[in-house]
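Numbered per the working numbering, the sequence shown finishes at 228, counting up by one with no gaps.
One structure is given here, and the rest of the page talks about it.
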Amino acid sequence: SDYDKEKLEERAARLSGGVSIIKVGAATEIELKEKKQRVEDALSATRAAMEEGILPGGGTSLIRIAEDIRKDFSDNSDEATGARIVLDSVDAPVQLLVQNAGFSGPVVLDAIKKGTEDYGFDAENDRYGSMYEFGVIDPVKVTRSALENAASIAGMVLTTESLIT
64 SDYDKEKLEE RAARLSGGVS IIKVGAATEI ELKEKKQRVE DALSATRAAM EEGILPGGGT
124 SLIRIAEDIR KDFSDNSDEA TGARIVLDSV DAPVQLLVQN AGFSGPVVLD AIKKGTEDYG
184 FDAENDRYGS MYEFGVIDPV KVTRSALENA ASIAGMVLTT ESLIT
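Spelled out as C-alpha cells, the structure:
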C-alpha cells in the first residue's frame with residue numbers, strides 16, 4: 064500500500080540520514096545521568112572520528128608522535144624547550160591508564176616504545192598487540208586538540224615570569 068511504502072521510505076531516510084534515537088534507562092537518577100554522559104561522550108567521539116579519522120588508542124599514538132617530533136628539536140631554543148615540555152608529558156596518559164588498571168606503567172611504556180606503529184597495550188584484556196585489531200582507537204581530532212592545548216599551555220608557562228602552583 065502507499066502508506067506502507069511511505070513509512071518504509073521514512074525509515075530508510077532516517078537510517079541513511081544518520082538520525083537515531085537512543086534510549087537510556089537506569090535504576091537511579093544518578094546512574095541515569097552517568098549513562099547519559101557516557102552516551103553523549105561516545106557520540107561526540109564518533110562525530111570527531113568521522114570528521115578527521117582515527118588513531119591507535121590508549122595513548123599509543125601520542126608516544127609515536129612524540130618519538131617523531133623529538134627528532135626535530137635538538138637545539139636549546141625556547142621553542143625546543145616548550146616542545147620538550149609537551150613531549151615529556153605525553154607518556155603520562157599511558158602510564159596513568161596502565162597503573163589504574165593495576166599494571167606497571169614503566170614496563171608497559173617500554174614495551175610499547177619497542178613496538179610498531181599501532182602496537183600498544185589493551186589494559187582491559189591484559190594483552191599487547193595491534194590497537195586497531197583490538198578496537199582500541201582514539202579520534203584524530205581529540206588527540207590533535209589535546210596536543211594543541213598542551214603546546215599553548217607550555218607557551219604560556221615559558222612566557223610567564225612566575226608561576227603559582
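All residues carry an ideal CB built from backbone N, CA and C; glycine is no exception.
Predicted, not measured: the structure shown is a model, and the values here were computed from it.
Check                                                                                                             : Outcome
Minimum C-alpha distance to residue 199 - residue among 187, 209, 205                                             : 187
Rounded straight-line distance, which links the Cα of residue 91 to that of residue 140                           : 55 Å
Residue 129 versus 224, 216, 219, 210, residue with shortest Cα-Cα distance                                       : 210
C-beta contact flag for residue 175 and residue 183 at 8 Å                                                        : yes
Residue 169, buried or exposed, once every other Cβ within 10 Å from all chains shown has been counted against 16 : exposed
Among 125, 202, 218, the one whose alpha carbon lies nearest that of residue 114                                  : 202
Inside the stretch 98-174 only - beta strand (DSSP E) runs reaching at least 3 residues                           : 117-119
Three-state class that DSSP yields for residue 215 in the structure shown                                         : helix
Cα-Cα separation, residue 89 to residue 97                                                                        : 9 Å
The beta strand (DSSP E) enclosing residue 192, as first and last residue numbers                                 : 190-193
DSSP three-state assignment for residue 67, whether helix, strand or coil                                         : helix
Nearest-angstrom beta carbon gap, residue 206 and residue 125 [assumed within contact, 8 Å]                       : 7 Å
Nearest-angstrom beta carbon gap, residue 105 and residue 204 [assumed within contact, 8 Å]                       : Not a contact, Cβ separation roughly 15 Å.
Proximal residues to residue 136 (C-beta, below 7 Å), its chain only, five neighbours per side dropped            : 143, 146, 147
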